[in-house]
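Visitor: Chains as they are written, first to last, in our numbering: chain A, 137 to 448; chain B, 3 to 505.
#1: Counting along the chain, where does the alpha helix (DSSP H) carrying residue 240/A start and finish?
#2: Report the rounded CA-to-CA distance for residue 74/B versus residue 34/B, giving the unit in angstroms.
#3: Whole angstroms are fine: how far does the CA of residue 493/B sit from the CA of residue 244/A?
#4: Would residue 53/B be called buried (16 or more neighbouring beta carbons within 10 Å of its own) or exposed?
#5: Would you say residue 137/B lies against chain A (beta-carbon separation less than 9 Å)?
#6: Less than 9 Å between the C-beta atoms of residue 296/A and residue 221/A, yes or no?
#7: Check whether the Cβ atoms of residue 306/B and residue 440/B sit closer than 9 Å, and answer yes or no.
#8: In the DSSP output, what is residue 385/A paired with across the bridge?
#9: Looking only at C-alpha atoms, which of 222/B, 181/B, 397/B, 294/B sits nearest to residue 101/B?
#10: Who are the Cβ neighbours of residue 370/B in its own chain at under 8 Å, not counting the five residues just before and after it?
#11: Looking at the secondary structure, which residues open and close the alpha helix (DSSP H) in which residue 162/A lies?
#12: Determine the direct distance from the alpha carbon of residue 198/B to that of residue 109/B, and round the result to whole angstroms.
#13: Using C-beta distances below 7 Å, list every residue in its chain close to residue 371/A, excluding the 5 sequence neighbours before and after it, in chain order.
#14: Return yes when the Cβ of residue 322/A is within less than 9 Å of the Cβ of residue 178/A, no when it is not.
#15: Using CA atoms only, rank isn't needed, just tell me which of 267/A, 369/A, 434/A, 377/A is closest to residue 339/A.
#16: Tell me whether the stretch 185 to 200 of chain A and the stretch 298 to 309 of chain A touch, counting them as touching only if at least three CB pairs, one residue from each stretch, are closer than 8 Å.
#17: Below 9 Å on C-beta distance, what does residue 225/A contact in chain B?
#18: Do we get a CB-CB distance below 9 Å when we pair residue 301/A with the residues of chain B?
#19: What residues from chain A crowd round residue 106/B, counting only those whose CB sits closer than 9 Å?
#20: Can you name the residues that DSSP bridges to residue 398/B?
#21: Could you check how far apart the C-beta atoms of residue 292/A and residue 121/B are, in whole angstroms? I think they sit under 8 Å.
#22: If you drop the 5 nearest sequence neighbours on each side, which residues of the same chain put their C-beta closer than 7 Å to that of residue 504/B?
#23: Among 357/A, 380/A, 263/A, which one has its Cα closest to the Cα of residue 324/A?
#24: What residues from chain B crowd round residue 194/A, counting only those whose CB sits closer than 7 Å?
#25: If the criterion is Cβ atoms closer than 9 Å, does the pair residue 27/B and residue 162/B meet it?
#26: First and last residue of the beta strand (DSSP E) that includes residue 21/B?
#27: Identify whether residue 72/B lies in helix, strand or coil by the three-state DSSP scheme.
#28: Excluding the 5 residues flanking residue 180/A on each side, which residues of the same chain have their C-beta closer than 6 Å to its C-beta?
#29: Cβ atoms of residue 394/B and residue 350/B: under 9 Å apart, would you say?
#30: Could you tell me which chain B residues have their CB closer than 7 Å to the CB of residue 253/A, listed as they occur along the chain?
#31: Where does residue 453/B land, buried or exposed, given buried means 16+ other C-beta within 10 angstroms?
#32: Any beta carbon of chain B sitting closer than 9 Å to that of residue 200/A?
#33: Tell me which residue opens and which closes the beta strand (DSSP E) that residue 189/A is part of.
#34: Going by DSSP, which residues form a beta bridge with residue 352/A?
#35: For residue 368/A, count neighbouring Cβ atoms within 10 angstroms of its own Cβ and tell me buried if that reaches 16, exposed if not.
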């Protein structure tokens, strides 16, 4: 991707937290990260605790300062507040001003983002509707449950109609129905060309939503790619058959390994050539095949494997 | 920052203030302080409680009874001003500000707590703008309370007592000014420690410490001025006092006090400025003044008139004479004059400057009376002391052209001057009981414009020195400028620290 297309760019980013004001010792939360992100993708940012995911986001948002290397948002340095005018951010364990109502929170944060009051007012109603908070909009935020705070938090991240959104654990504390609604919102944002960065420990969700994944460990990006690139095929094939003849074991004898017959469903581990052989033998035996499924590794399996192998 | 952002931040500040429980409690307290001004009417001769439910004479009220008849001042005005000073400078100026510091100290640390900071500082608004918005919330907190209290009291006094003192309204600004100075420090502590409890405790301690430094510095300046003054009168005694001040430890303490005074905000000067401003708005309190002797009078003697209406006179060259304008009711005359009481005495080769004491002047006068043969009975000598001012009195009667003339002479000693007030009246004028104490009542309203450190309490002395054209240490511009500079430095340090925080 060319640099001019990217809305987010980091080059050799390094952030060391010193042990004390005068100490030279420190811990590198980010250690030479380079990343360039174009418009319209949904990124999953994965990594174990302390991998540097949140620190990288905070460097980009100007919340963490005095880092080494380069960081740019829409071509501007994070110290320049205007770099954040098209950005939405839902921090992990965020706290909204308890003295305001949900509606006032959105109006305040909309204004802090530089939007005109009329524009903000127009956006607040539909946003409250989308996060299912219309009824509770005029109650003080401190009276909200965790899930409600999370929903208003998400709405405040979107109140300035952003082009880039960072969501740090967006479904934390939200019930399954709320999660589904958030997923729908993400899909809708993606459809509108908004770039999303989702940092979540719920890998199943990331797998459902994201089209690219960045995996970090110990302050470094250890792997990045599309979902297909990161979740290889396991070799396991699953056949759904029209009938279940008693001699299936004999028909498929010597093809692949780990053969399991469960009624009309047959599972076995095969390579591409063996898969063709299995299909040929079943068809030769007059067995009709209704479906073939080649299983991929789940993102969770892939993630654990990548982290344990150190990115290999 | 655009205007939308500014408006939103101001609105947020309002919401934050209105949501604060201590603010609501303080509004209730302010209403309790305002209520008496609506329920009690301070009339010229009495106090009307609850619309006629009860009436009280000023002489029935402890502190006022001792003042009644001695100052010549309107007691209703005195009572109201005492109430205003007690509520605004006393209660609001100390306890009110302490409570407000406690209620607002968490504004900044809470904003910097993880969670809230991430959400707020990730918006495209500068960190310093958000910090200033929180600082302004605190100032607004006190501003609203101060204006409710001061305007409420002003309205109550105006409607019920018919008393209007526009200068009193400045009290609200003074409260805001004092709080704004301390709150800047509180903001810095909040940014440095990011702890609400620490910010609260340190701010209150700083407020108390700052007040102590202010009072100690004034006390020190007063003591030094007293020593300097006495060196002009008693060189040996003054030399010993000044030598005491030259002790290394005392010099170190004085130096430390000076440094602290010049560096810290001068919160006490806010009240001084307000009092001066109120006096300036109210205009002079006196009807007659002798600027050379620095003596002024709040009222003319009852029933007597002087030919001139000039407010400023020189009693040293032209004694002032009041006479009865209706001679058919008898004749009466008061003459006021001033002369120097300084004289020189030579002992060997040394010439010493001395002052004639009031007692010596009275005794000398008594001897001259005793030598006369035209007196009716024996002259009476009395003395009273009010407001640190000694007054000696001699009363006698004399026979003139077959008639008895009543005489009275009051002696006042102020600085280098000896004032004498002579009353001369006939039997007819004296017959009216109301006129029995006309001279005493008139002189109760005599106010020496004392200037010397030895004649004044430290705070009074400082107030007289403090002004827009005074030397640097007593200069109002310097006081305001250095205090505002302190607040700005605190906010700039907070800005610097805030810009380096990693959230």
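Beta carbons are placed, not taken as given, at the ideal position from N, Cα and C, and that holds for glycine.
This one's a predicted model, so the numbers in the text were calculated from it and none came from an experiment.
Guide: Reading off the structure:
#1: Segment 238 to 248, the alpha helix (DSSP H) holding residue 240/A.
#2: Reliability fails at residue 74/B, whose pLDDT of 49 lies under 50, so the model's placement of it is uncertain and no value is given.
#3: For the pair residue 244/A and residue 493/B, the Cα-to-Cα distance works out to about 24 Å.
#4: Sixteen is the threshold: since fewer than 16 other Cβ atoms of the shown chains lie within 10 Å of the Cβ of residue 53/B, the residue is exposed.
#5: No, residue 137/B lies away from the interface with chain A (no Cβ there is under 9 Å from its Cβ).
#6: Residue 221/A sits close to residue 296/A, with the two beta carbons spaced by under 9 Å.
#7: It is a contact, given that the beta carbons lie within the stated cut-off.
#8: BP columns for residue 385/A are empty, so no partner.
#9: Residue 101/B has its Cα closest to that of 181/B, out of 222/B, 181/B, 397/B, 294/B.
#10: Listed in chain order, the non-local C-beta contacts of residue 370/B below 8 Å within the same chain number zero, local neighbours out to five positions each way being set aside.
#11: No alpha helix (DSSP H) holds residue 162/A; the beta strand (DSSP E) holding it covers 162 to 173.
#12: One C-alpha to the other measures close to 8 Å.
#13: Taken in chain order, the residues that qualify are 405, 406, 407.
#14: Inclusion of residue 178/A and residue 322/A in the CB contact set at 9 Å is warranted, their separation being smaller than that value.
#15: With distances taken between CA atoms, residue 339/A lies nearest to 434/A out of 267/A, 369/A, 434/A, 377/A.
#16: Touching, yes, given that three or more Cβ pairs across the two stretches are closer than 8 Å.
#17: Within chain B, the residues near residue 225/A are 120, 121, 124, 125.
#18: By this cut-off, residue 301/A is not an interface position.
#19: Within 9 Å of the CB of residue 106/B, no CB atom of chain A is found; the nearest one sits about 13 Å away.
#20: Beta-bridge pairing links residue 398/B to 409/B.
#21: So it is a contact: roughly 7 Å between Cβ atoms.
#22: If we look at residue 504/B and ignore the five residues flanking it on each side, it has no Cβ neighbours.
#23: The shortest C-alpha separation from residue 324/A is found at 263/A.
#24: Listed along chain B are 505, each with a C-beta nearer than 7 Å to that of residue 194/A.
#25: No, the pair does not count as a contact, with Cβ atoms beyond the cut-off.
#26: Residue 21/B -> not in any beta strand (DSSP E); alpha helix (DSSP H) instead, spanning 5 to 21.
#27: Low confidence applies to residue 72/B: its pLDDT is 49, below 50, so where it sits in the model is not reliable, and the reading given next is rough at best. Coil at residue 72/B, not helix or strand.
#28: Closer than 6 Å at Cβ, skipping near neighbours: 334, 342, 346, 349.
#29: Contact annotation: residue 350/B and residue 394/B have beta-carbon atoms that are not nearer than 9 Å.
#30: Neighbours of residue 253/A on chain B, chain order: 6.
#31: Burial call: exposed.
#32: Residue 200/A counts as touching chain B.
#33: Judged by DSSP secondary structure, residue 189/A falls outside any beta strand (DSSP E) and instead within the alpha helix (DSSP H) spanning 189 to 196.
#34: Residue 352/A is bridged by DSSP to 357/A.
#35: The residue in question, residue 368/A, is exposed, as its Cβ has fewer than 16 Cβ neighbours within 10 Å.
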